[in-house]
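Below you'll find the structure, written out as structure tokens, and then a few comments.
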Amino acid sequence: MIDDYVNRIEEACGASKTKDYVVMLKHDKRDDALKKILGKVRVLTEVRGVAVKASFMDREFTVFMNGRLMFKSLKDRGELDTILGKLFE
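Using this note's numbering, you'd call the opening residue of the sequence shown number 5 and step up by one each time.
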């Protein structure tokens, strides 16, 4: 299911115990993916039409309306895959 919506995932640079990731959504599925995501998260703050700071599964992340998601302080790629799987199911 993740592959239906995600074009690529990049691990951000950093030398910490936690990992930061940037997820790029597929352009042709972006609107559908954003609708699914925003329907499941708790919105913390919003810059209308630009970005949403959201909370889901006790994790905060940023959803950019251009189709990028920024996750910070995750344990590993497995945690990211779990979160994305729940968001897109």
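Note that beta-carbon positions come from the ideal geometry of N, C-alpha and C, so glycine has one too.
Note that the structure is a prediction, hence the values are computed from the model and not measured.
Spatial neighbours of residue i within its chain, please: CB distance less than 8 angstroms, with the 5 preceding and 5 following residues excluded, ordered by chain position.
i: residue 42; result: 56, 58, 67
i: residue 49; result: 56, 57
If the criterion is Cβ atoms closer than 7 angstroms, does the pair residue i and residue j meet it?
i: residue 6; j: residue 84; result: no
i: residue 27; j: residue 73; result: yes
Answer with buried or exposed for residue i, where buried requires no fewer than 16 other C-beta atoms within 10 angstroms of its C-beta.
i: residue 16; result: exposed
i: residue 51; result: exposed
i: residue 71; result: buried
i: residue 54; result: exposed
For residue i, name the three-state secondary structure that DSSP assigns.
i: residue 86; result: helix
i: residue 37; result: helix
i: residue 57; result: strand
i: residue 62; result: coil
i: residue 44; result: helix
i: residue 7; result: helix
In its own chain, which residues sit with a C-beta less than 7 angstroms from the C-beta of residue i, not counting the 5 before and 5 after it?
i: residue 40; result: 91, 92
i: residue 47; result: 56, 58
Expressed to the nearest angstrom, what Euclidean distance is found between the alpha-carbon atoms of residue i and residue j?
i: residue 10; j: residue 38; result: 11 angstroms
i: residue 36; j: residue 21; result: 33 angstroms
Using a Cβ-Cβ cutoff of less than 6 angstroms, which residues in the same chain neighbour residue i once the five nearest sequence positions on both sides are dropped?
i: residue 76; result: 24
i: residue 60; result: 45
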